[in-house]
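**Student:**
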Amino acid sequence: HGKRTTVNTDDAKLLARRSKALLNFITEKCNELATSNAEQKEKRTLATGKGKKKSDARLESTGGRGTTALRSQNLENRYPSGSGKSNGRT
């Protein structure tokens, strides 16, 4: 057990492995909880306006080029090629 103080679902399944009915019950409840938690998380992200919208806005601002293009564009804006400063790239 490694001196752990918490018990997770895998530990409960391990103990219940000899009783098929109990193992099936625990597995079913774990799946229900996982589904419920995923739905609640999805509702929270939709309600707060966070989630994929932020990444979609980032893609729109870069013209669909992604974050790497945005970073290099920011470096170019900070250090124009004629300024004498180097960004460490050759």
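Note that the working numbering has the sequence shown beginning at 1, numbered continuously upward.
We put the beta carbon where it would ideally sit given N, CA and C, even for glycine.
Just to confirm the assignment: which complete alpha helix (DSSP H) runs, minimum length 4, are found wholly within the segment 10–58?
**Tutor:** 20–48
**Student:** Below 8 Å on the Cβ atoms is my contact criterion, and I expect residue 26 with residue 34 to pass it. Report the Cβ-Cβ distance as a whole number of Å.
**Tutor:** At roughly 13 Å, the Cβ-Cβ gap does not stay under 8 Å, so residue 26 and residue 34 are not in contact.
**Student:** Leaving aside the five residues before and after residue 42 along the sequence, list all residues of the same chain whose C-beta is less than 7 Å from its C-beta, in chain order.
**Tutor:** none
**Student:** Based on Cα-Cα distance, which residue from 3, 28, 36 lies nearest to residue 13?
**Tutor:** 28
**Student:** Do residue 30 and residue 9 have their C-beta atoms within less than 9 Å of each other?
**Tutor:** Taking 9 Å as the Cβ cut-off, residue 30 and residue 9 qualify as a contacting pair.
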